[in-house]
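*Asks:* Going by this note's numbering, the sequence shown opens with residue 1, and the numbers climb by one from there. Encoded as structure tokens, here's the structure I'll be asking about.
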Amino acid sequence: VQLQASGGGLVQAGGSLRLSCAASGTIGSINVMGWYRQAPGKQRDLVAEINSVSNTNYGDSVEGRFTISRDNAKNTVYLQMNSLKPEDTAVYYCTLRWISDVPDYWGQGTQVTVSS
């Protein structure tokens with residue numbers, strides 16, 4: 001399984017970005033895809049997850065500002081990030097898991113930087 005993320009970059013506070021992550025390999029039809037992030041000096045935290053039937057789960061700090069979605073036909077997950085804040089600055093990692101509570105696979109990470 002490989003996860004290829006894209007869409008990171010530099011944006012001003014209040015702006016928007018959209019991340020994409022395409023999964024390849026044998027991922028099955030039942031899985032949970034998501035995003036974690038890690039800021040410098042901090043632990044890696046859950047941003048959002050979405051399962052195969054589009055049930056979602058968000059981290060407290062992004063609820064109401066970020067939206068996760070997926071296209072099962074393309075094995076792709078998206079993260080629409082609105083009203084970005086400087087504290088959203090981090091490396092964002094795409095993830096995939098099946099029955100475990102923690103990700104089984106991690107993507108390479110994409111940098112998101114929000115300037116004040």
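Each residue gets a CB set at the ideal place from its N, CA and C atoms; glycine is no exception.
In this structure, what does DSSP give as the bridge partners for Leu10?
*Replies:* For the purposes of this step, residue 10 is identified with residue 10 of the sequence shown, where counting begins at 1. Paired residue(s): Thr113.
*Asks:* How about Val47 and Gly59: do their beta carbons lie closer than 9 Å?
*Replies:* Mapped onto the sequence shown, residue 47 falls at position 47. Mapped onto the sequence shown, residue 59 falls at position 59. It is a contact, given that the beta carbons lie within the stated cut-off.
*Asks:* Applying the 10 Å Cβ sphere with the 16-neighbour rule, what's the burial state of Gly14?
*Replies:* Counted from its first residue, the sequence shown places residue 14 at position 14. The residue in question, Gly14, is exposed, as its Cβ has fewer than 16 Cβ neighbours within 10 Å.
*Asks:* Return the Cβ separation of Tyr105 and Trp35 in integer angstroms, given the expectation that the two are a contact with Cβ distance under 8 Å.
*Replies:* Looking up residue 105 in the sequence shown gives position 105. Looking up residue 35 in the sequence shown gives position 35. Incorrect: roughly 13 Å between the Cβ atoms, too far for contact.
*Asks:* Please list, in chain order, all residues of the same chain as Ser6 whose beta carbon is under 6 Å from its beta carbon, the five residues on each side excluded.
*Replies:* Residue mapping note: residue 6 aligns to position 6 of the sequence shown, counting from 1. Closer than 6 Å at the Cβ level, and outside the excluded window around Ser6, lie Ser20.
*Asks:* Pull up the CB-CB distance for Ser123 and Asn31, whole angstroms please, since I reckon it's below 8 Å.
*Replies:* Given that the chain is displayed from residue 1 to residue 116, the structure contains no residue 123 and the question cannot be resolved.
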